[in-house]
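Trainee: This structure is in structure tokens; I'll ask about it shortly.
Number of protein chains: 2
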Amino acid sequence: MYQVPIGVSARHIHLSEAHIAILFGSGYELTVLKELSQPGQFAATETVAVVGPKGRFDKVRILGPARGKTQLEVSQTDAFALGIAPPVRESGNIAGTPGIKVIGPAGEVDMPEGVIVAARHIHFHTSDAAKWGIADKQKLTVRVEGERALIFENVVARVSEQFALDMHIDTDEANAAGVKTGDTAVILK
Amino acid sequence: MYQVPIGVSARHIHLSEAHIAILFGSGYELTVLKELSQPGQFAATETVAVVGPKGRFDKVRILGPARGKTQLEVSQTDAFALGIAPPVRESGNIAGTPGIKVIGPAGEVDMPEGVIVAARHIHFHTSDAAKWGIADKQKLTVRVEGERALIFENVVARVSEQFALDMHIDTDEANAAGVKTGDTAVILK
Numbered sequence: 010m011y012q013v014p015i016g017v018s019a020r021h022i023h024l025s026e027a028h029i030a031i032l033f034g035s036g037y038e039l040t041v042l043k044e045l046s047q048p049g050q051f052a053a054t055e056t057v058a059v060v061g062p063k064g065r066f067d068k069v070r071i072l073g074p075a076r077g078k079t080q081l082e083v084s085q086t087d088a089f090a091l092g093i094a095p096p097v098r099e100s101g102n103i104a105g106t107p108g109i110k111v112i113g114p115a116g117e118v119d120m121p122e123g124v125i126v127a128a129r130h131i132h133f134h135t136s137d138a139a140k141w142g143i144a145d146k147q148k149l150t151v152r153v154e155g156e157r158a159l160i161f162e163n164v165v166a167r168v169s170e171q172f173a174l175d176m177h178i179d180t181d182e183a184n185a186a187g188v189k190t191g192d193t194a195v196i197l198k
Numbered sequence: 010m011y012q013v014p015i016g017v018s019a020r021h022i023h024l025s026e027a028h029i030a031i032l033f034g035s036g037y038e039l040t041v042l043k044e045l046s047q048p049g050q051f052a053a054t055e056t057v058a059v060v061g062p063k064g065r066f067d068k069v070r071i072l073g074p075a076r077g078k079t080q081l082e083v084s085q086t087d088a089f090a091l092g093i094a095p096p097v098r099e100s101g102n103i104a105g106t107p108g109i110k111v112i113g114p115a116g117e118v119d120m121p122e123g124v125i126v127a128a129r130h131i132h133f134h135t136s137d138a139a140k141w142g143i144a145d146k147q148k149l150t151v152r153v154e155g156e157r158a159l160i161f162e163n164v165v166a167r168v169s170e171q172f173a174l175d176m177h178i179d180t181d182e183a184n185a186a187g188v189k190t191g192d193t194a195v196i197l198k
């Protein structure tokens, strides 16, 4: 039984240094609200607004630290509300994705691209992956128990020395399965 | 291969005759916007607002005809936005569920109970169920194909002479699976 803790990702944004400077002011540094499961990653105290053609979300959590490129991760439910059609993608793979307007206290950015629905995935530390015979990029099948029990196919394995064992699903997936952060999933194959 | 068409249920409300009279005026009759997959059921032209402790939805579609008891069906995503905690229930089983305020053009109703997250289910005409060896209330396991392929467990079979073959899932479930109305699911067992 390969058990994995579940982490549910609400909509959030990763910002580039350049966009932090525009949205919050030159030289601004994000402050840590809460450490996340992946080492070095944190939820920032700061939020931004994102504005699509059909709707907006006023308090979208920023996850730090700054990244090379700005990336907004939303659920499909969020995407319908915003009026945009982002693809399901792995984090970092944003070529050809839609953009959106981002508003901070010091300025606005029209992201030309970078909105995705994150592909469900499991972070494995290299040692976990070796022990369980799992390769980076492998597609896994993962079951969650309960009243809304279901089996997720196409769960991407992501293996790194920098990762801690955690399965990341979005709020649509968590709600469809009736699970929350801290619940447990089982890798079937 | 037991193939079933999928129907995605957005949030909607069924109203009692008494509540239609309060919300729209005495003697008011709902008008048909669109026939639904189940014989005699329709989406009404009319909508109502529903107001929870944390949020509201202004245009909630009414499904007709009138029922014995008013029932609001929302996704778990909707429930978080409204600030209420409805259970996953089969339609009609509303004892002990939360209520909500409903606002129409002619008046308001404080529903004492009746908000549910609908349990995923498949409507079978008696002849389909007989042919496939499926019993009313049976829990089925159902797979959907695609980029977000997944297998739903605990899908309730509902068998009646009044039903047409259709699998009903909510928007969280549809988004988690990457499917829309008109796509096809396969009953595995």
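Chain order of the listed sequences is A and B.
Take any residue in the first sequence, count from 1 to its spot, add 9: that is its number in this note's numbering.
Take any residue in the second sequence, count from 1 to its spot, add 9: that is its number in this note's numbering.
Just so you know, even glycine gets a beta-carbon here, dropped at the ideal spot from N, CA and C.
The structure presented is a predicted model; accordingly, all values stated were derived computationally and were not measured.
Three Cβ pairs or more, each shorter than 8 Å: is that satisfied between the stretch 186-195 of chain A and the stretch 163-176 of chain B?
Mentor: No contact exists between the stretch 186-195 of chain A and the stretch 163-176 of chain B.
Trainee: Runs of 4 residues minimum, wholly inside the stretch 66-113 of chain B: which ones carry the alpha helix (DSSP H) assignment?
Mentor: Entirely contained in the stretch 66-113 of chain B, the alpha helix (DSSP H) runs reaching 4 residues are, in chain order, 85-91.
Trainee: Using a Cβ-Cβ cut-off of less than 9 Å, give me the residues of the stretch 159-189 of chain B that come near chain A, in sequence order.
Mentor: Result list: Leu-159, Ile-160, Phe-161, Glu-162, Asn-163, Ile-178, Asp-179, Thr-180, Asp-181, Glu-182, Ala-183, Asn-184, Ala-185, Ala-186, Gly-187.
Trainee: Any residues in the stretch 146-160 of chain A with a beta carbon nearer than 7 Å to a beta carbon of chain B? Which ones, in chain order?
Mentor: Residues passing the 7 Å Cβ filter: Glu-156, Arg-157, Ala-158, Leu-159, Ile-160.
Trainee: Give me the Cα-Cα distance between Lys-43 (chain A) and Thr-56 (chain B), rounded to the nearest whole angstrom.
Mentor: Cα to Cα, the separation comes out at about 41 Å.
Trainee: Closer than 9 Å by beta-carbon distance: list the chain A residues that pair up with Thr-106 (chain B), in chain order.
Mentor: Within 9 Å Cβ-Cβ: nothing; Thr-106 (chain B) doesn't reach chain A, min ~15 Å.
Trainee: State the start and end residues of the unbroken alpha helix (DSSP H) segment that holds Glu-26 (chain A).
Mentor: Note, Glu-26 (chain A): alpha helix (DSSP H), 26-33.
Trainee: With the cut-off set at 8 Å, would you say Arg-157 (chain B) and Gly-187 (chain B) are in Cβ contact?
Mentor: Against a cut-off of 8 Å, the Cβ pair of Gly-187 (chain B) and Arg-157 (chain B) comes out as a contact.
Trainee: Within 8 Å of any Cβ in chain A, is that where the Cβ of Thr-86 (chain B) sits?
Mentor: Closer than 8 Å to some Cβ of chain A, the Cβ of Thr-86 (chain B) qualifies, so yes.
Trainee: How should Gly-101 (chain B) be labelled, buried or exposed, when 16 other C-beta atoms within 10 angstroms of its C-beta is the threshold for buried?
Mentor: Exposed, since its Cβ has fewer than 16 Cβ neighbours within 10 Å.
Trainee: Pull out every residue of the stretch 89-101 of chain B whose Cβ sits closer than 7 Å to any Cβ of chain A, in chain order.
Mentor: Within the stretch 89-101 of chain B, the qualifying residues are Val-97.
Trainee: With the cut-off set at 8 Å, would you say Ser-46 (chain A) and Asp-179 (chain A) are in Cβ contact?
Mentor: Their beta carbons are not under 8 Å apart, which means Ser-46 (chain A) does not touch Asp-179 (chain A) by this criterion.
Trainee: Go ahead and pull the three-state DSSP assignment for Glu-55 (chain B).
Mentor: If DSSP states are grouped into helix, strand and coil, Glu-55 (chain B) belongs with the strands.
Trainee: To the nearest angstrom, how far is it from the Cα of His-130 (chain A) to the Cα of Met-176 (chain A)?
Mentor: Rounded to the nearest angstrom, the two C-alpha atoms are 6 Å apart.
Trainee: From the DSSP output, read off the bridge partner residues of Leu-149 (chain B).
Mentor: Its beta-bridge partners are B:Val-164.
Trainee: Rounded to whole angstroms, what's the CA-CA distance from Glu-38 (chain A) to Ile-29 (chain A)? Just pull it up for me.
Mentor: Near 8 Å, if we compare the C-alpha coordinates of Ile-29 (chain A) and Glu-38 (chain A).
Trainee: Can we say the stretch 68-87 of chain A touches the stretch 11-27 of chain A, given the rule of at least three CB pairs closer than 8 Å?
Mentor: In short, these stretches touch, since the Cβ pair count reaches three.
Trainee: So the beta strand (DSSP E) Glu-44 (chain B) belongs to, where does it begin and stop?
Mentor: First-last of the beta strand (DSSP E) with Glu-44 (chain B): 41-44.
Trainee: Going by the beta-carbon positions, is the gap between Val-151 (chain A) and Ile-112 (chain A) smaller than 8 Å?
Mentor: Against a cut-off of 8 Å, the Cβ pair of Ile-112 (chain A) and Val-151 (chain A) comes out as no contact.
Trainee: Less than 8 Å between the beta carbons of Phe-33 (chain A) and Ala-128 (chain A), yes or no?
Mentor: Cβ atoms of Phe-33 (chain A) and Ala-128 (chain A): not closer than 8 Å.
Trainee: Among residues of its own chain, excluding the 5 on either side of Ala-53 (chain B), which ones have a beta-carbon nearer than 8 Å to its beta-carbon?
Mentor: Excluding sequence neighbours, Ala-53 (chain B) sits near Leu-39, Thr-40, Val-41, Leu-42, Arg-70, Ile-71, Leu-72, Gly-73.
Trainee: If you count every other CB in all the chains shown that lies within 10 Å of the CB of Ala-144 (chain A), and 16 or more means buried, which is it?
Mentor: It is exposed - the Cβ of Ala-144 (chain A) has fewer than 16 other Cβ atoms within 10 Å.
Trainee: On the DSSP bridge assignment, give the partners of Glu-117 (chain A) in chain order.
Mentor: DSSP, once it has assigned bridges, lists A:Ile-112 as partnering Glu-117 (chain A).
Trainee: I'd like the list of long-range same chain contacts for Lys-110 (chain A), defined as Cβ closer than 6 Å, with 5 residues on each side in sequence excluded.
Mentor: Same-chain partners within the cutoff: Val-60, Asp-119.
Trainee: In chain order, what residues of the same chain have a beta carbon less than 6 Å from the beta carbon of Gly-155 (chain A), not counting five sequence neighbours either side?
Mentor: Excluding positions up to five away in sequence, the list reads Gly-187.
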